[in-house]
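Q: Here the protein sequences line up with chains A and B, keeping their order.
For the first sequence, the numbering used here gives the first residue as 1420, with consecutive numbering after it.
For the second sequence, the numbering used here gives the first residue as 174, with consecutive numbering after it.
By construction, the Cβ of each residue, glycine as well, lies at the ideal position given by its N, Cα and C atoms.
On a predicted model such as this, the values are computed, not experimentally measured, just so you know.
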Amino acid sequence: MDYDAENLMGRVRARDADAFEALYDAYHRLVYGVAYRVLGDAAGAEDVTQAVFLKVWSAPELFRGGNVPAWLVRIARNRALDVVRSRSSHAETELPEALPETETIEDVAFARLDAGKVRLALAELPDDQRTPIELGFFGGITHEEIARRTGIPLGTIKTRIRSGLRKLRSALDGAVTV
Amino acid sequence: MNDTHEQMLDDVAVYALGALPPAQAQQVRDHLQTCEACRNEYAALAPAVAAIAASAPAPEPSALLKGRVMRAVRATLPAPAPAAAPAPASSPARTNLSAWGPYLVAAACFALAVSLGLINLSLINQLKASKEYALQLEHQSKVVAHEALDDERVLADLTNASAKRYNVANGQIVRIGDRIYLAMHDMPALPHGRVYQAWTLPKGAKEMVPSPTFVPDSHGAALLALPVRAAATAAVAISIEPEGGSKEPTTKPLVVQALD
Chain A
1420 MDYDAENLMG RVRARDADAF EALYDAYHRL VYGVAYRVLG DAAGAEDVTQ AVFLKVWSAP
1480 ELFRGGNVPA WLVRIARNRA LDVVRSRSSH AETELPEALP ETETIEDVAF ARLDAGKVRL
1540 ALAELPDDQR TPIELGFFGG ITHEEIARRT GIPLGTIKTR IRSGLRKLRS ALDGAVTV
Chain B
174 MNDTHEQMLD DVAVYALGAL PPAQAQQVRD HLQTCEACRN EYAALAPAVA AIAASAPAPE
234 PSALLKGRVM RAVRATLPAP APAAAPAPAS SPARTNLSAW GPYLVAAACF ALAVSLGLIN
294 LSLINQLKAS KEYALQLEHQ SKVVAHEALD DERVLADLTN ASAKRYNVAN GQIVRIGDRI
354 YLAMHDMPAL PHGRVYQAWT LPKGAKEMVP SPTFVPDSHG AALLALPVRA AATAAVAISI
414 EPEGGSKEPT TKPLVVQALD
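Below, the structure is given as structure tokens:
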């Protein structure tokens, strides 16, 4: 079976249910994991996972090229945060699902990405960089809210997020100098 | 590069993380259209953001989730072309399976509840959901029987009279063919940061190997298909581990069951 994600998305556009199933098999744990981390409960994470994949099937044209699992992650994270917001009053943030046309994102080989390695890379970040990154990604709060909660100036928070992301990228593939 | 542009690069990083409010996110999007340096920065950081997702602890979703998704997908497909000649009403097993599907699932719900010797509302509710989906299918004649249901396959496995069942604390380990399921109920809720993790002992091996982590639903129920071949598995265990799972058990297993 062909697990090349972009190839599978092309077949999903052509209403190939077998290709969709292969896509589901390859990435449902990734999607479920994000939803579970954001929501903290299994039932909600399953609902989000189902919603994400049904959106892929019903609107595959929303994928405009690039990295398929990264796109799935953005949808999952946004949907999970929608659920969080429905449970509480939360400032609105979202990951860009529709990317700039000119963007070229290098593939992160999710199928081969070692979750343990990512966790280790995150753990090795200084606390003052890891904390705002995790609050922003999984907590879905704005940088202003992060600054308010941590009592750190906004400009410092932004710089730490950037420094942390660059270190993380460097640790993952060595392709970016910090 | 001036300070103002350095600040914009910081904003690009926050945008990539998804932590900008909508109005500021739109400003960054507009800027990315015209600034190559910022586009390059975004392209460098976005995969790191996406990779953070892979760090999320990933307990195994219910074995029934895929069935729900695939059923909804296949229900949207056009009806297959009709057969050249109508089949006799009494003979086609596939048609009969389709028509009887809801009732088989309902029977399976009951049989499973009886076989487990429990009245577990949560698990039964999961199975009832399968019945509801199957009823929807009954009204969608365009869905053919061979597309049916992973759920039915799971339920058929769980209720198969020839399945080997091992009663363990809070549930059963069910072995049918080359498949192994955990059907658990009334499992205690765990503190934040802890999950249940399944383990399997391959035949001939001396140490357990990690299997998926899982989190029971709010009623303490969990249904899990283990990603191993039963024929190659000597034992199954369950322990409590940190989120994300462990490479070897770090707590005394709650369940250790040899498979004969």
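Listing by chain order, which chain B residues have their CB less than 8 Å from the CB of Ala-1438/A?
A: The contacting residues do not exist; Ala-1438/A stays about 11 Å from chain B at best.
Q: Against chain B, does Ala-1499/A count as a neighbour if the rule is that its beta carbon must be under 8 Å from one of theirs?
A: It does not: the Cβ of Ala-1499/A has no partner Cβ on chain B nearer than 8 Å.
Q: Against chain A, does Gly-240/B count as a neighbour if the rule is that its beta carbon must be under 8 Å from one of theirs?
A: By this cut-off, Gly-240/B is not an interface position.
Q: Run through the DSSP bridge pairs and tell me what Gln-345/B is partnered with.
A: Beta-bridge pairing links Gln-345/B to Asn-340/B and Ala-356/B.
Q: For Pro-400/B, count neighbouring Cβ atoms within 10 angstroms of its own Cβ and tell me buried if that reaches 16, exposed if not.
A: So Pro-400/B counts as exposed.
Q: Report the rounded CA-to-CA distance for Ser-235/B versus Gly-344/B, giving the unit in angstroms.
A: Cα to Cα, the separation comes out at about 15 Å.
Q: Quick one: what does DSSP say Arg-402/B is sitting in, helix, strand or coil?
A: DSSP places Arg-402/B in coil when its eight states are reduced to three.
Q: For Ala-444/B versus Val-1537/A, is the C-beta distance shorter than 8 Å?
A: Missing from the structure shown is residue 444/B; chain B here goes from 174 to 433 and no further.
Q: Would you mind sorting Pro-195/B into buried or exposed? The rule is 16 or more other CB atoms within 10 Å of its CB.
A: Counting Cβ neighbours within 10 Å, Pro-195/B comes out exposed, since fewer than 16 surround it.
Q: Please determine if the segment 1440-1449 of chain A and the segment 195-212 of chain B are in contact, where contact requires at least 3 C-beta pairs separated by less than 8 Å.
A: Contact fails: fewer than three Cβ-Cβ distances are below 8 Å.
Q: Answer with yes or no whether the minimum CB distance from Val-382/B to chain A is below 8 Å.
A: No, no contact with chain A.
Q: If you drop the 5 nearest sequence neighbours on each side, which residues of the same chain put their C-beta closer than 7 Å to that of Ala-1470/A?
A: Closer than 7 Å at the Cβ level, and outside the excluded window around Ala-1470/A, lie Arg-1498.
Q: Say whether chain A places a C-beta atom closer than 8 Å to the C-beta of Gly-191/B.
A: By this cut-off, Gly-191/B is an interface position.
Q: Along the segment 1455-1476 of chain A, where does the CB come closer than 9 Å to a CB of chain B? Name the residues.
A: Hits within the stretch, in order: Tyr-1455, Arg-1456, Val-1457, Gly-1459, Asp-1460, Ala-1461, Ala-1462, Ala-1464, Glu-1465, Thr-1468, Gln-1469, Phe-1472, Leu-1473 and Trp-1476.
Q: Report yes or no: is there a C-beta of chain A within less than 8 Å of the C-beta of Ala-245/B?
A: Yes, Ala-245/B lies at the interface with chain A (some Cβ there is under 8 Å from its Cβ).
Q: When DSSP builds the beta bridges, which residues end up paired with Thr-373/B?
A: Thr-373/B is bridged to Val-382/B and Val-409/B.
Q: If the cut-off is 9 Å on Cβ atoms, which residues from the segment 1424-1436 of chain A count as contacting chain B, listed in chain order?
A: Those would be Arg-1434 and Ala-1436, in chain order.
Q: Is the CB of Gly-1555/A under 8 Å away from at least one CB in chain B?
A: Gly-1555/A counts as touching chain B.
Q: Taking the continuous alpha helix (DSSP H) assigned at Ala-223/B, which residues delimit it?
A: Note, Ala-223/B: alpha helix (DSSP H), 209-227.
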